[in-house]
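Enquirer: Per this note's numbering, the sequence shown starts with residue 2, numbered consecutively.
Quick one: the structure is below, questions incoming.
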Amino acid sequence: MTKTVTTTPYNDQKPGTSGLRKKVPVFQQKNYAENFIQSIFDSLDGFNGETLVIGGDGRYYNREVIQIAIKMAAANGFGRVLVGRGGILSTPAASNVIRKYKAFGGIVLSASHNPGGPTEDFGIKYNIGNGGPAPEKVTDAIYARTKTIDSYKIADVADINLDSEGSQDVEGMEVVVIDPVADYAELMEQLFDFGAIRRLLSSGFRIVFDAMSAVTGPYAKEILENRLGAAKGSVLNFIPLPDFGGHHPDPNLVHARALYEEMMGDNAPDFGAASDGDGDRNLIIGKGIFVTPSDSLAMLAANAQLAPGYSKGLAGIARSMPTSAAADRVAEKLGIGIYETPTGWKFFGNLMDAGLVTICGEESAGTGSNHVREKDGLWAVLLWLNILAVRQDSVQEIARQHWMIYGRNYYSRHDYEEVDSAAANGLVDALRAQLSTLPGKNFGALKVATADDFSYNDPVDKSVSNNQGIRILFEGGSRVVFRLSGTGTSGATLRVYIERYEPDSSRHDIDTQEALADLIAVADEIAGIKERTGRTEPSVIT
Ligand code: G16
Numbered sequence: 002m003t004k005t006v007t008t009t010p011y012n013d014q015k016p017g018t019s020g021l022r023k024k025v026p027v028f029q030q031k032n033y034a035e036n037f038i039q040s041i042f043d044s045l046d047g048f049n050g051e052t053l054v055i056g057g058d059g060r061y062y063n064r065e066v067i068q069i070a071i072k073m074a075a076a077n078g079f080g081r082v083l084v085g086r087g088g089i090l091s092t093p094a095a096s097n098v099i100r101k102y103k104a105f106g107g108i109v110l111s112a113s114h115n116p117g118g119p120t121e122d123f124g125i126k127y128n129i130g131n132g133g134p135a136p137e138k139v140t141d142a143i144y145a146r147t148k149t150i151d152s153y154k155i156a157d158v159a160d161i162n163l164d165s166e167g168s169q170d171v172e173g174m175e176v177v178v179i180d181p182v183a184d185y186a187e188l189m190e191q192l193f194d195f196g197a198i199r200r201l202l203s204s205g206f207r208i209v210f211d212a213m214s215a216v217t218g219p220y221a222k223e224i225l226e227n228r229l230g231a232a233k234g235s236v237l238n239f240i241p242l243p244d245f246g247g248h249h250p251d252p253n254l255v256h257a258r259a260l261y262e263e264m265m266g267d268n269a270p271d272f273g274a275a276s277d278g279d280g281d282r283n284l285i286i287g288k289g290i291f292v293t294p295s296d297s298l299a300m301l302a303a304n305a306q307l308a309p310g311y312s313k314g315l316a317g318i319a320r321s322m323p324t325s326a327a328a329d330r331v332a333e334k335l336g337i338g339i340y341e342t343p344t345g346w347k348f349f350g351n352l353m354d355a356g357l358v359t360i361c362g363e364e365s366a367g368t369g370s371n372h373v374r375e376k377d378g379l380w381a382v383l384l385w386l387n388i389l390a391v392r393q394d395s396v397q398e399i400a401r402q403h404w405m406i407y408g409r410n411y412y413s414r415h416d417y418e419e420v421d422s423a424a425a426n427g428l429v430d431a432l433r434a435q436l437s438t439l440p441g442k443n444f445g446a447l448k449v450a451t452a453d454d455f456s457y458n459d460p461v462d463k464s465v466s467n468n469q470g471i472r473i474l475f476e477g478g479s480r481v482v483f484r485l486s487g488t489g490t491s492g493a494t495l496r497v498y499i500e501r502y503e504p505d506s507s508r509h510d511i512d513t514q515e516a517l518a519d520l521i522a523v524a525d526e527i528a529g530i531k532e533r534t535g536r537t538e539p540s541v542i543t
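So this is what it looks like as structure tokens:
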């Protein structure tokens, strides 16, 4: 039987950079998840009888919301739901399932790299039929609906068995529980030369992959150890836990510190990597060298044609605005297009659908291609391994040669987390007020060339996105960028992105923070970070 339940709106359901992310107790409020899911359905047209994909990263509260979403999909008229066994689908795997089975869309339950547990983070995101995050016009419509919603529909049935694969009926809608790994692993086998990677891994080349007790564990075990023959034990923390073992499942130099230390040690493996809560981010570390996400994008793009899936070359490259310009130099050399988008994977979807770009990346540990419409952590790891297998060079050698050819973009991001929201907004407003007076000003040896608040004109659907980050560009190609994160769940997170271009290869061995020291000081001088936030140093440096 289907019930219509009366509800009242919540006023805080505005999707951020990647869906709605809140603390679990917020989601546990009466009808909170139901309101948001019904608002998604109310914002869509034409899904009657169609297929919906549902899956999540397995974090605390995942199973409860999966049950709700399935019952609501049935009551709202979907014809079929595909759900990962145990309610599990990594974000890139969900994107693949949507595309492969021509689903109408998907609901992805994740708060990505944010911690999980009864008092930590949860999230709901809607992906459209191309497999990618809903564009702003859809998320705006969802938000508008959350403000007026007065009822939702749900099937009044017992919980669905999510643990055995196969088909079940829920009020006339078919629910198919699928293997979360199989389709994804098959796609990876089509893109990469598994034979070459297998030979590399059997030749004494050692890898370590930290799944951070998150969703990529089963995917990495199957692909890296079972199919590619990496030594048993190469995949660490491979059992997904609802609270990620109490850690932040964020593959960066702070939260994946142990991996970093191991890769910098005397007896380091040849290649180290990690992925995040929902499997879309990646961290790449070679023996003795951390590869920044911006550099990784550029190096992968420069070498992608060595992998079978990209042997015909790339159509173009896209990067988010705060990501370093290292990829721009590769695009220039390859004679292909480069696109600069706002932060958020959703902005890449149109470019990929229109065939303008093949590879995309973000400084926030995201890299991916048009094989799905999400960033993809394991994909980045496999492309690196494919390149290493063909080139027979170390990660160090590949990076050094790359910098020799293209120059090095020294790059770092400083995050100030859980800052008072009013202080953070005040800082951004004050920066905006200075924009017109900054050009031409000198700060030590640095002279401001231009300063603006980034606006994006989507070349495909012509939509415009304003206020996407304050950019201060200096003569010579250095820059600092300021923006507030759209993924945090308490207070505000100020992100400061710092970049310097160094063409001279005799200066490619400087410590990154040292190479950027003058820009870091100027960022504080212009924005008054210490004074306005009361923080003397960033909470996270990546
Ligand atoms: C999400 C988005 C990314 C974005 C990142 C950081 O990643 O999908 O496109 O770069 O957040 O966004 P912000 O700087 O606004 O916090 P994820 O991995 O959290 O889904």
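Note that beta-carbon positions come from the ideal geometry of N, C-alpha and C, so glycine has one too.
Measuring only from the beta carbon, is residue 320 closer than 6 Å to any heavy atom that is part of the ligand G16?
Expert: No, Cβ of residue 320 sits at least 6 Å from all heavy atoms of the ligand G16.
Enquirer: Counting only runs that start and end within the stretch 36-80, where is the beta strand (DSSP E) found for 3 or more residues in a row?
Expert: Taking only runs of at least 3 residues, the beta strand (DSSP E) segments lying wholly in the stretch 36-80 are 52-57.
Enquirer: Answer yes if the stretch 87-98 comes into contact with the stretch 142-150, meaning at least three C-beta pairs across the two stretches below 8 Å, and no otherwise.
Expert: Touching, no.
Enquirer: Name the one or two DSSP bridge partners that residue 127 has.
Expert: BP columns for residue 127 point to 108.
Enquirer: Three or more C-beta pairs under 8 Å: does that hold for the stretch 236-249 against the stretch 210-228?
Expert: Flag = yes, the stretch 236-249 and the stretch 210-228 touch.
Enquirer: Can you tell me whether residue 421 is buried or exposed, with buried defined as 16 or more other CB within 10 angstroms of its CB?
Expert: Residue 421 should be labelled exposed.
Enquirer: My parser needs the beta strand (DSSP E) runs of 3 or more residues fully inside the stretch 130-161; what are they?
Expert: DSSP runs (the beta strand (DSSP E)) wholly in the stretch 130-161: 152-156.
Enquirer: In the DSSP assignment, find the unbroken alpha helix (DSSP H) run with residue 239 in it and report its ends.
Expert: That residue, residue 239, is in no alpha helix (DSSP H); it is neither H nor E in DSSP.
Enquirer: Just to confirm my understanding: we take residue 132, look at its own chain, exclude 5 residues before and 5 after, and list those with CB closer than 6 Å. What are they?
Expert: Excluding positions up to five away in sequence, the list reads 96, 99, 100, 373 and 374.
Enquirer: Quick check: residue 158 and residue 169, are their CB atoms within less than 7 Å of each other?
Expert: No, they are not a contact pair.
Enquirer: Check each candidate in 107, 123 and 346 and name the one with the smallest Cα separation from residue 62.
Expert: Cα-wise, what sits closest to residue 62 is 123.
Enquirer: Less than 6 Å between the CB of residue 380 and some heavy atom of the ligand G16, yes or no?
Expert: It does not: the Cβ of residue 380 is nowhere closer than 6 Å to a heavy atom of the ligand G16.
Enquirer: Hey, how far is the Cα of residue 510 from the Cα of residue 480?
Expert: If I take the Cα positions, the gap works out to 20 Å.
Enquirer: Does the distance from the C-beta atom of residue 307 to that of residue 391 stay below 7 Å?
Expert: Yes, these two residues count as a Cβ contact at 7 Å.
Enquirer: Which whole-angstrom value describes the C-beta separation of residue 377 and residue 281, a residue pair presumed to lie in contact below a C-beta threshold of 8 Å?
Expert: Indeed they touch by this definition, with Cβ atoms about 6 Å apart.
Enquirer: The alpha helix (DSSP H) with residue 513 in it runs from where to where?
Expert: Looking at the DSSP string, the run of the alpha helix (DSSP H) that includes residue 513 is 513-516.
Enquirer: Assuming residue 260 and residue 240 are in contact, meaning their beta carbons sit under 8 Å apart, how far apart are those beta carbons, in whole angstroms?
Expert: Not a contact, Cβ separation roughly 17 Å.
Enquirer: Is DSSP giving residue 166 helix, strand or coil here?
Expert: If DSSP states are grouped into helix, strand and coil, residue 166 belongs with coil.
Enquirer: Since residue 182 is in the beta strand (DSSP E), which residue starts that stretch and which ends it?
Expert: Neither: residue 182 is in no beta strand (DSSP E) and is coded neither H nor E.
Enquirer: Excluding the 5 residues preceding and the 5 following residue 528 in the sequence, name in chain order all residues of the same chain whose CB lies nearer than 8 Å to its CB.
Expert: Cβ within range, chain order: 428, 431, 432, 483 and 497.
Enquirer: With the cut-off set at 7 Å, would you say residue 283 and residue 381 are in Cβ contact?
Expert: Cβ atoms of residue 283 and residue 381: closer than 7 Å.
Enquirer: Does DSSP classify residue 28 as helix, strand or coil?
Expert: Three-state result, residue 28: helix.
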